[in-house]
Amino acid sequence: MNDVGPVQARTPYELLPAALLGELTAAGLDARAVFDAIVLAVDEDLPTKDGRDVTSAATISAEARGVADFAAREPGVVAGLAVAALVFHHVMGDAVTITDRLPDGTRVKPEDVVMRVSGPTRGLLTAERTALNFACHLSGVATATAAWVDALAGTRARVLDTRKTLPTYRALQKYAVRCGGGVNHRFSLSDMALVKDNHVVAAGGVVPAYQRVRTAYPDLPVEVEVTDLDQLRDLLDAGCERILLDNMDSATMAEAVRIAAGRASLEASGGLTFERAREVAETGVDFISVGALTHSVKVFDIGMDLQEG
44 MNDVGPVQAR TPYELLPAAL LGELTAAGLD ARAVFDAIVL AVDEDLPTKD GRDVTSAATI
104 SAEARGVADF AAREPGVVAG LAVAALVFHH VMGDAVTITD RLPDGTRVKP EDVVMRVSGP
164 TRGLLTAERT ALNFACHLSG VATATAAWVD ALAGTRARVL DTRKTLPTYR ALQKYAVRCG
224 GGVNHRFSLS DMALVKDNHV VAAGGVVPAY QRVRTAYPDL PVEVEVTDLD QLRDLLDAGC
284 ERILLDNMDS ATMAEAVRIA AGRASLEASG GLTFERAREV AETGVDFISV GALTHSVKVF
344 DIGMDLQEG
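Using this note's numbering, you'd call the opening residue of the sequence shown number 44 and step up by one each time.
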């Protein structure tokens with residue numbers, strides 16, 4: 044008769060593979076914060092310390108071991124595989140072995156194996172969904188970003204993310220943007236000033252708003268949003284070196300590039316669709332910011348297939 048107890052005690056941070064934690068750190072992530080996110084995600088499925096995956100416990104022998112392949116179901120760019128690997132280590136400790144894991148940022152085609160996991164079969168199935176939730180979402184961000192990067196190829200424009208991220212997922216989503224070849228905008232409200240339309244209204248104009256930020260934080264990067272070319276000219280005269288062109292048509296953006304003449308970097312933003320990507324890039328702007336990379340991205344289809352025998 045099968046033992047229907049818990050799969051295994053979950054692994055604390057201090058006992059996780061140092062190489063894997065170092066890999067996350069080298070990628071610009073806070074490994075401890077990633078682990079904390081994994082703990083919360085696993086706790087959604089196993090909410091108590093003696094919690095169990097009742098289906099796996101009832102149907103699979105405690106002694107059973109298996110091998111499972113993570114395989115792509117569509118073409119794209121993978122990201123978050125190291126995070127998925129950490130999920131398995133948290134659930135199964137040193138009982139799990141992970142091989143054939145592709146580097147994040149790798150372009151894949153359907154049926155490519157992106158990671159192979161072996162260990163207690165119960166543990167594989169218990170950790171499966173949490174691992175896939177991380178890997179599929181982050182690979183979706185990377186794949187969407189790579190599509191924009193490809194669309195802008197041969198122009199000077201680079202695709203930027205925004206702060207329109209899922210709560211608590213910002214660092215991971217911005218990491219996935221980097222895996223797809225994109226560029227991160229500011230991470231928080233403190234590492235860069237971005238003067239938007241409501242700030243402009245409150246301050247009495249684009250130049251007063253810019254000057255107030257410059258006075259308060261002289262060493263901080265500042266970007267100011269404009270909606271017309273007169274505001275652009277005023278900011279250039281004031282010495283602003285980064286300007287956001289909000290909801291402008293392509294002809295107006297091209298004129299903004301001509302007026303700026305390299306005195307400031309220009310970012311196109313607002314209502315930009317993938318279909319317009321090339322047209323906007325060819326105006327000569329430096330950056331195109333795309334909130335959809337993170338706020339409404341389609342997940343990338345990865346499946347975990349348990350091997351028979």
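C-beta atoms are modelled at their ideal positions from N, C-alpha and C, and glycine is treated no differently.
Opening and closing residue of the beta strand (DSSP E) in which residue i lies
i	result
Ala311	308-312
Leu287	285-289
Met347	345-349
Ile141	140-142
Glu268	265-269
Val238	236-238
Presumed contact (8 Å Cβ cut-off) between residue i and residue j, rounded CB distance
i	j	result
Gly109	Leu349	5 Å
Glu117	Pro153	6 Å
Ala84	Ala214	Their Cβ separation, rounded to whole angstroms, is 15 Å, which puts Ala84 and Ala214 out of contact at 8 Å.
Cys222	Asp147	5 Å
Thr220	Val184	The sequence shown places Val at residue 220, not Thr. Indeed, because the Cβ distance is near 6 Å, the residues count as touching under 8 Å.
Val156	Asp143	6 Å
His228	Leu209	No, His228 and Leu209 are not in contact; Cβ-Cβ is about 16 Å, not under 8 Å.
Thr68	His132	Contact doesn't hold; Cβ gap of about 16 Å is too wide.
Leu129	Leu58	With a Cβ gap of about 12 Å, Leu129 and Leu58 do not count as contacting.
Ala304	Met291	Contact flag wrong, Cβ pair sits at about 17 Å.
Val126	Ile141	No, Val126 and Ile141 are not in contact; Cβ-Cβ is about 12 Å, not under 8 Å.
Val192	Gly162	Between Gly162 and Val192 the Cβ distance is about 36 Å, and since that is not below 8 Å, they are no contact.
Thr211	Ala80	7 Å
Val134	Ala190	Incorrect: roughly 33 Å between the Cβ atoms, too far for contact.
Ala115	Val151	4 Å
Leu167	Ala111	5 Å
Tyr218	Ala70	6 Å
Range covered by the alpha helix (DSSP H) that runs through residue i
i	result
Glu325	Taken as a continuous stretch (DSSP letters only), Glu325 belongs to no alpha helix (DSSP H), as it is neither H nor E.
Ala128	124-135
Ala111	Segment 108-115 is the beta strand (DSSP E) holding Ala111; no alpha helix (DSSP H) there.
Pro251	249-259
Ala185	164-195
Thr337	335-338
Val300	293-303
Arg199	Unbroken run through Arg199: none, as it is neither H nor E.
Arg75	74-88
Leu278	272-281
Arg213	213-222
Ser99	97-102
Ala62	61-69
Contact set for residue i: own chain, Cβ-Cβ below 6 Å, skip 5 residues either direction
i	result
Asn45	With a pLDDT of 44 at Asn45, under the threshold of 50, the modelled position of this residue cannot be trusted, and the question is left open.
Ala353	This structure gives no information on residue 353, because the portion of the chain shown stretches from 44 to 352.
Val186	The identity of residue 186 in the sequence shown is Thr, whereas the question assumes Val. Correct list, in chain order: Gly119, Val120, Phe343.
Ser308	Arg285, Asp329
Arg201	Val226, Phe330
Glu266	Leu237, Arg285, Leu287
Thr270	Asp289
Leu263	Ala236
Phe78	Tyr56
Arg306	Leu279
Same chain only: Cβ atoms within 7 Å of residue i, ignoring 5 sequence neighbours per side
i	result
His242	Ala252
Asp35	Outside the displayed span of the chain (44 to 352) sits residue 35, for which this structure offers no information.
Lys207	Gly334, Thr337, His338
Asp296	Reading off the sequence, residue 296 comes out as Met, not Asp. Answer for Met296: Leu288, Ala311, Val323, Thr326, Val328, listed in chain order.
Same chain, Cβ closer than 8 Å to residue i, five either side skipped, listed in chain order
i	result
Glu351	none
Ala281	Val250, Tyr253, Gln254
Asp240	Glu268, Thr270, Asp289
Glu66	Ala125
Residue i Cβ short of 7 Å to the ligand HEM heavy atom set
i	result
Glu57	No copy of the ligand HEM appears in this structure; indeed no ligand is present at all.
Given 8 Å, three or more beta-carbon pairs between the region 173-183 and the region 311-329: no
At least three beta-carbon pairs within less than 8 Å, the region 326-342 to the region 301-314: yes
Cβ contact (3+ pairs, closer than 8 Å) linking the region 114-122 and the region 339-346: yes
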